[in-house]
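Q: The structure under discussion is supplied below as structure tokens; questions concerning it will follow.
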Amino acid sequence: MHWQALSWMMRRTPRPMSATPLEVPFCSWLPPPENLAPETDVVHAWLASLSVKASTVQRLRQLLTADEICRAERFYFPKDRDHFIVARGVLRRILGRYLDTEPSRLRFCYSAYGKPALDTEFGGGALRFNVSHSHGVALYGVSRGREVGIDLERIRPDFADDRVAERFFSSREVAALRSLPQSMRRDAFFNCWTRKEAYIKARGEGLSLRLDQFDVSLAPGEPAALLDTQDDPQEACRWSLQELAPSPGYVAALAVEGHDWQLKCWQWLDWDSGLDCAV
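This is the structure:
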């Protein structure tokens, strides 16, 4: 099975979560300040719930372009369609706050591998962003002047399988996974999965970047890190990884270009409607 297809299935198929959540310290997801102006040494992560009232879905839908609405209508299940609308609408509102611009005015362009960026009219690559959502929860990474990638997954014990690891992880990662006690392997699997996907998304090269050609840390309690990149040994030094803990039952990772930065975590609030879009 293709990596992207399996990733989609992890986000789409509802299954019961394990009774034991990941035991990691949770970030302090705070209400954002009134004025947002990230500097090059600060990266912002945003957390939002996609499960909102129908009236909020319709209000956010009004911010989207005809192309985005067309993409939303392709979803077979109404819940998936609504989650796409909310995720895209919240992205526009977040970026609109940074740029002091009406969210509906924003326009995006895409790389050859599909990574979105702001159009040159809105500063082009000056403000970088990335989005991930899974089972009603969304994460957004925002930075200035440095590439960023983010990935979020709900814990699915039925996907934490040795056969999946052998197909998509590097030999070093598979060996590290097998060396752990059985009780730690599920958490290690999802650590590895989200860190690899966050790095791929930050690079913006899609699956032209082979998954078995780079290694990430995965043991629970071990700092997130890009350990090695076989195509260019210096590449690992260019990137830093950060584990995120958005909500019980979820695991996430952030990949950022460079090391000289600090992280700030915000909780998205829907000020216009007075609703708290908290997880």
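For the sequence shown, this note's numbering begins at 13 and goes up steadily by one. All C-beta atoms, glycine included, are put in the ideal place defined by N, C-alpha and C.
Can you give, in chain order, each stretch of the beta strand (DSSP E) that sits fully within the segment 153-216 and has at least 3 residues?
A: For the segment 153-216, whole beta strand (DSSP E) runs of length 3 or above, ordered along the chain, are 160-166.
Q: Mind checking which residues open and close the beta strand (DSSP E) that includes Thr241?
A: Along the sequence shown, one-based indexing puts residue 241 at 229. First-last of the beta strand (DSSP E) with Thr241: 238-241.
Q: Below 8 angstroms on the Cβ atoms is my contact criterion, and I expect Leu253 with Ala57 to pass it. Report the Cβ-Cβ distance as a whole number of Å.
A: What you label residue 253 is simply residue 241 of the sequence shown in a count that begins at 1. What you label residue 57 is simply residue 45 of the sequence shown in a count that begins at 1. Actually they are not in contact, since the Cβ atoms of Leu253 and Ala57 sit about 13 angstroms apart, beyond 8 angstroms.
Q: Compare the C-alpha of Val143 against each of Leu130, Glu133, Phe134, Ile162 and name the closest.
A: Here residue 143 refers to the residue found at position 131 when the sequence shown is read from its first residue. When each option's Cα is compared against that of Val143, the closest is Ile162.
Q: Does DSSP classify Asp224 as helix, strand or coil?
A: Against the sequence shown, residue 224 aligns to sequence position 212. Asp224: helix per DSSP, three-state reduction.
Q: Can you tell me the Cα-Cα spacing of Thr68 and Ile97, whole angstroms?
A: To locate residue 68, count along the sequence shown from 1; it is residue 56. To locate residue 97, count along the sequence shown from 1; it is residue 85. If I take the Cα positions, the gap works out to 10 angstroms.
Q: Would you call the CB atoms of His95 and Leu62 closer than 8 angstroms?
A: Within the sequence shown, numbered from 1, the residue matching residue 95 stands at position 83. Within the sequence shown, numbered from 1, the residue matching residue 62 stands at position 50. Closer than 8 angstroms, so yes.
Q: Please check the pair Gly101 and Arg73, which I expect to be a contact at CB under 8 angstroms, by giving their CB distance rounded to whole angstroms.
A: Taking the first residue of the sequence shown as 1, we reach residue 101 at position 89. Taking the first residue of the sequence shown as 1, we reach residue 73 at position 61. Going by Cβ atoms, the distance from Gly101 to Arg73 rounds to 7 angstroms, so yes, they are a contact pair.
Q: If you check the beta carbons only, do Leu151 and Phe134 fall under 8 angstroms apart?
A: Taking the first residue of the sequence shown as 1, we reach residue 151 at position 139. Taking the first residue of the sequence shown as 1, we reach residue 134 at position 122. No, Cβ-Cβ distance for Leu151 and Phe134 is not below 8 angstroms.
Q: Closer than 6 angstroms by C-beta to Ala177: which residues in its own chain qualify, once you throw out the five before and the five after it? Chain order, please.
A: Here residue 177 is taken as the residue at index 165 of the sequence shown, counted from 1. For Ala177, where only same-chain residues beyond five positions count, the Cβ hits under 6 angstroms are Val186, Leu189.
Q: What does Ala267 pair with, by DSSP beta-bridge criteria?
A: Position 255 of the sequence shown, counted from the start, is the residue given in the question as residue 267. In DSSP, Ala267 forms a bridge with Gly161, Leu253.
Q: Below 8 angstroms on the Cβ atoms is my contact criterion, and I expect Val160 with Arg140 to pass it. Report the Cβ-Cβ distance as a whole number of Å.
A: By 1-based counting over the sequence shown, the position of residue 160 is 148. By 1-based counting over the sequence shown, the position of residue 140 is 128. Confirmed, about 5 angstroms.
Q: Taking the alpha helix (DSSP H) that Leu103 belongs to, which residues open and close that run?
A: Within the sequence shown, residue 103 is the residue found at index 91, counting from 1. From DSSP, the alpha helix (DSSP H) with Leu103 extends over 90-111.
Q: Count the other CB atoms, across all protein chains shown, that sit within 10 Å of the CB of Ala124; report buried if there are 16 or more and exposed otherwise.
A: Counting from 1 along the sequence shown, the entry for residue 124 is found at position 112. Classification for Ala124: exposed.
Q: Alpha carbon to alpha carbon, what distance is there between Leu266 and Asp272?
A: Stepping through the sequence shown from its first residue, residue 272 is reached at position 260. Stepping through the sequence shown from its first residue, residue 266 is reached at position 254. For Asp272 and Leu266, the distance between alpha carbons rounds to 14 angstroms.
Q: With distance defined between alpha-carbon atoms, name the residue in Val64, Asp173, Arg119, Pro43 nearest to Asp79.
A: As a position in the sequence shown, residue 79 is number 67, starting the count at 1. For Asp79, the nearest C-alpha among the options comes from Arg119.
Q: Spatial neighbours of Asp243 within its chain, please: CB distance less than 7 angstroms, with the 5 preceding and 5 following residues excluded, ordered by chain position.
A: Within the sequence shown, the letter at position 231 stands for residue 243. Gln225.
Q: Could you have a look at Leu219 and say whether DSSP puts it in helix, strand or coil?
A: As a first step, residue 219 must be located in the sequence shown, where it is residue number 207. Three-state DSSP puts Leu219 in a helix.
Q: Give the straight-line distance between the Cα atoms of Asn203 and Pro235, rounded to the nearest whole angstrom.
A: Locating residue 203 in the sequence shown gives position 191, where the first residue counts as 1. Locating residue 235 in the sequence shown gives position 223, where the first residue counts as 1. The alpha-carbon atoms of Asn203 and Pro235 are separated by roughly 10 angstroms.
Q: Are Ala60 and Trp280 closer than 8 angstroms when you measure CB to CB?
A: Within the sequence shown, residue 60 is the residue found at index 48, counting from 1. Within the sequence shown, residue 280 is the residue found at index 268, counting from 1. The answer is yes: Cβ separation under 8 angstroms.
Q: Counting along the chain, where does the beta strand (DSSP E) carrying Ser146 start and finish?
A: Here the question's residue 146 lines up with position 134 in the sequence shown. Run containing Ser146: 139-146, per the beta strand (DSSP E) assignment.
Q: Residues in the same chain with beta-carbon distance under 7 angstroms from Gly148, minus the five sequence neighbours each way, listed in chain order, please.
A: Counting from 1 along the sequence shown, the entry for residue 148 is found at position 136. For Gly148, where only same-chain residues beyond five positions count, the Cβ hits under 7 angstroms are Ser61, Leu62, Ser63, His95.
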